[in-house]
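First to last, the protein sequences are chains A and B. FYI, the numbering used here numbers position 70 of the first sequence as 71, with every residue one higher than the one before it. FYI, the numbering used here numbers position 84 of the second sequence as 118, with every residue one higher than the one before it. Each residue gets a CB set at the ideal place from its N, CA and C atoms; glycine is no exception. None of these values were measured; they are calculated from a predicted model. Following: one structure in structure tokens, then a few remarks.
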Amino acid sequence: MFKSTQALFGGLLWKTPWRLSSPQKARQRKRLRSVDRVVDTLSAALERNGQTSKAVTRWYAEMPREEEMLPKDKYTLFDKKEKSYRKSIHKLPKWTRVSQRVNPPGF
Amino acid sequence: MAFFRITLLRSAIGLPRRSTDVLKALGLKKRMATVFHAVSPSVAGQIMKVKELVQVEECQYRLTKQEVHLERKPDPGYYLEKSAVEQRSESSS
């Protein structure tokens with residue numbers, strides 16, 4: 002039976018929830034930790050060989066670890082078009098496979 | 035000599051061309067594929083490009099494809115009975 006809903010009548014209606022669920026957040030933390038683990042393995046292995054890598058040193062200099070990050074930075078990112086200057090991280094394309102850890106200072 | 039044991043856990047479908055090319059350069063063609071590379075800054079840099087997609091361990095030996103496959107082989111659930119003479123000759127040799 003036809004039921005008039007906004008999704009059927011309207012043109013553009015986003016059905017993506019505006020916030021993350023708690024299992025989504027848990028999986029996000031897990032992914033952040035797995036990236037930390039990969040970088041730690043690389044750094045430890047290179048150090049044992051007496052070598053360094055520019056990409057690894059730069060990562061340590063610039064990026065916070067999962068446990069150092071604020072919940073705000075783990076689950077949201079800066080967006081100038083939002084009223085609060087923040088939107089949920091799942092709005093970021095390919096958000097489960099990209100590293101998005103730092104935001105502009107003061108936002 | 036130490037090696038990186040790199041396993042591709044997540045595919046690079048839909049990611050920039052660069053990530054796919056790095057995976058190709060590392061020799062990772064499909065998910066759950068495992069490759070071994072000697073520890074060096076250049077390999078570390080390549081892994082850093084795809085760090086969200088792979089799992090990395092450090093190991094001392096490079097395993098062959100067959101050996102990696104056999105790690106996943108389940109326990110057969112049985113064992114062959116042997117006579118005491120056979121067991122003794124195996125343990126002594």
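According to the neighbour-count rule (16 or more other Cβ atoms, all chains shown, within 10 Å of its Cβ), is A:T53 buried or exposed? Residue environment analysis places A:T53 among the exposed positions, since fewer than 16 neighbouring C-beta atoms fall within 10 angstroms of its C-beta.
Under the three-state reduction of DSSP, which class applies to B:T98: helix, strand or coil? Residue state for B:T98 is assigned as coil, using DSSP reduced to three classes.
Helix, strand or coil at A:F3 [DSSP, three-state]: Looking at A:F3 - three-state DSSP - the assignment turns out to be coil, as it is neither helix nor strand.
Applying the 10 Å Cβ sphere with the 16-neighbour rule, what's the burial state of B:F38? By the neighbour-count rule (16 or more Cβ atoms within 10 Å), B:F38 is buried.
For B:M66, count neighbouring Cβ atoms within 10 angstroms of its own Cβ and tell me buried if that reaches 16, exposed if not. The residue in question, B:M66, is exposed, as its Cβ has fewer than 16 Cβ neighbours within 10 Å.
Are the region 96 to 105 of chain A and the region 57 to 69 of chain A touching, with three or more C-beta to C-beta distances below 8 Å? By the Cβ rule, the region 96 to 105 of chain A counts as touching the region 57 to 69 of chain A, because three or more pairs are nearer than 8 Å.
With the cut-off set at 8 Å, would you say B:A36 and B:V73 are in Cβ contact? The Cβ atoms of B:A36 and B:V73 lie closer than 8 Å to each other.
If you draw a straight line from the C-alpha of A:L93 to the C-alpha of B:G111, how long is it? Their Cα atoms are separated by approximately 48 Å.
Among all the DSSP beta bridges, which residues are the ones paired with A:S89? A:T77.
Quick one: which chain A residues come within Cβ less than 7 Å of B:R129? Nothing about residue 129 of chain B can be reported from this structure: the residues present for chain B run from 35 to 127 only.
Please confirm if the region 74 to 94 of chain A is in contact with the region 25 to 43 of chain A, defined as three or more CB-CB distances below 8 Å between the two stretches. Enough Cβ pairs lie closer than 8 Å, so yes.
Here's the rule: buried if 16 or more other CB atoms are within 10 angstroms of the residue's CB, otherwise exposed. What is B:L60? The residue in question, B:L60, is buried, as its Cβ has 16 or more Cβ neighbours within 10 Å.
Measure the C-alpha to C-alpha separation of A:L47 and B:P75 and round it to an integer number of angstroms. So the alpha carbons of these two residues sit roughly 7 Å apart.
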